[in-house]
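>
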Amino acid sequence: SLGLAVIPSFLLDPDKKSKEDLAGAGKWYTNIASKYAIAPSIVMMLLIMAYSLYNSYMVPFGEELGVAGIGAYFTVLALGLLCSRPLSGTLTDRFGLRKILIPAMIIFAASFFVVSSAKTLPGILVGAIVVAIGYGAANPAMQSNKPIEPNSDTIFIMSVIVYICHCLSIKKINKKEKV
84 SLGLAVIPSF
94 LLDPDKKSKE
104 DLAGAGKWYT
114 NIASKYAIAP
124 SIVMMLLIMA
134 YSLYNSYMVP
144 FGEELGVAGI
154 GAYFTVLALG
164 LLCSRPLSGT
174 LTDRFGLRKI
184 LIPAMIIFAA
194 SFFVVSSAKT
204 LPGILVGAIV
214 VAIGYGAANP
224 AMQSNKPIEP
234 NSDTIFIMSV
244 IVYICHCLSI
254 KKINKKEKV
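For the sequence shown, my numbering assigns the number 84 to the initial residue and increments by one for each residue that follows.
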């Protein structure tokens with residue numbers, strides 16, 4: 084699939100700059116990173132870590148509960164993401180990053196508790212819908228926006244809260260396994 088992803092990249096029109104533009108940009112090493120990109124990068128890292136760890140744990144979680152057909156979780160999640168991601172982009176453009184991202188992160192954080200509390204496949208599938216709404220809105224909202232201004236610590240704090248909720252839900256699941 085990576086090979087297929089590379090093919091369209093050849094069709095992209097690169098942003099070509101003149102020699103004067105390049106000379107006016109300063110030394111190359113002064114333009115590698117922006118301090119304003121640090122917070123969004125950490126937010127994305129924490130969101131993606133929570134999401135990927137969450138999904139890798141679903142099959143063992145389903146086996147532990149004795150739930151047959153746990154693969155349906157991934158189907159419902161994919162369909163939910165297919166709907167929520169495009170809608171998130173439209174809403175972010177219309178209302179702004181903060182008005183979409185913070186509720187999306189709250190929903191995503193809540194999804195860990197919904198799934199960890201589920202004991203049956205229908206409960207887990209409801210959790211998949213909640214994940215799709217939360218993560219499906221948060222991820223594209225972050226990807227589509229410029230680096231966050233210096234005084235927007237709220238979004239950074241929310242990403243840490245989402246990750247903490249993820250860790251707490253895993254701890255809750257691990258307690259169930261010991262019983």
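No residue lacks a Cβ here, since even glycine has one placed at the ideal position from N, Cα and C.
All of these numbers come straight from a predicted model, not from anything done at the bench.
Would you check if the distance between the CB atom of residue 218 and the CB atom of residue 195 is smaller than 7 Å?
Here residue 218 is taken as the residue at index 135 of the sequence shown, counted from 1. Here residue 195 is taken as the residue at index 112 of the sequence shown, counted from 1. No. Outside cutoff.
> On a Cα-Cα basis, can you pick out the residue from 156, 167, 164, 172 that is closest to residue 206?
Counting from one through the sequence shown, the residue named residue 206 turns up at place 123. The residue with the shortest Cα to Cα distance from residue 206 is 156.
> So, with DSSP's three-state summary, where would you put residue 203?
Here residue 203 refers to the residue found at position 120 of the sequence shown. Residue state, collapsed to three classes: coil.
> Of the residues 122, 221, 126, 247, which one's Cα is nearest the Cα of residue 174?
Position 91 of the sequence shown, counted from the start, is the residue given in the question as residue 174. Measuring from the Cα of residue 174, the nearest candidate turns out to be 221.
> Does the beta-carbon distance from residue 224 to residue 180 come in below 7 Å?
Locating residue 224 in the sequence shown gives position 141, counting from the first residue. Locating residue 180 in the sequence shown gives position 97, counting from the first residue. Yes, the Cβ-Cβ distance between residue 224 and residue 180 is below 7 Å.
> Following the continuous alpha helix (DSSP H) through residue 101, name the residue where it begins and the one where it ends.
Here the question's residue 101 lines up with position 18 in the sequence shown. Note, residue 101: premise wrong, no alpha helix (DSSP H); not H, not E.
> CA-CA distance, residue 151 and residue 170?
As a first step, residue 151 must be located in the sequence shown, where it is residue number 68. As a first step, residue 170 must be located in the sequence shown, where it is residue number 87. Cα to Cα, the separation comes out at about 32 Å.
> CA-CA distance, residue 204 and residue 125?
Position 121 of the sequence shown, counting from 1, holds the residue named residue 204. Position 42 of the sequence shown, counting from 1, holds the residue named residue 125. Roughly 33 Å between the two C-alpha positions.
> Might you give, ordered along the chain, the residues of its own chain that have their beta carbon closer than 7 Å to the beta carbon of residue 142, omitting 5 neighbours on each side?
Taking the first residue of the sequence shown as 1, we reach residue 142 at position 59. Taken in chain order, the residues that qualify are 153.
> Identify the continuous alpha helix (DSSP H) that holds residue 155 and give its terminal residues.
Against the sequence shown, residue 155 aligns to sequence position 72. Where residue 155 is concerned, the enclosing alpha helix (DSSP H) stretches over 154–178.
> Measure the CB-CB distance between residue 167 and residue 201 and report whether it falls below 7 Å.
By one-based count along the sequence shown, residue 167 stands at place 84. By one-based count along the sequence shown, residue 201 stands at place 118. Not in contact: residue 167 and residue 201 (Cβ atoms no closer than 7 Å).
> Going by beta carbon distance, what residues of the same chain come within less than 6 Å of residue 134, once the five residues before and after it are set aside?
Here residue 134 refers to the residue found at position 51 when the sequence shown is read from its first residue. 218.
> By Cβ distance, which residues of its chain are closer than 6 Å to residue 211, with the 5 residues on each side in sequence left out?
Here residue 211 refers to the residue found at position 128 when the sequence shown is read from its first residue. Only 156, 159, 160 meet the Cβ criterion.
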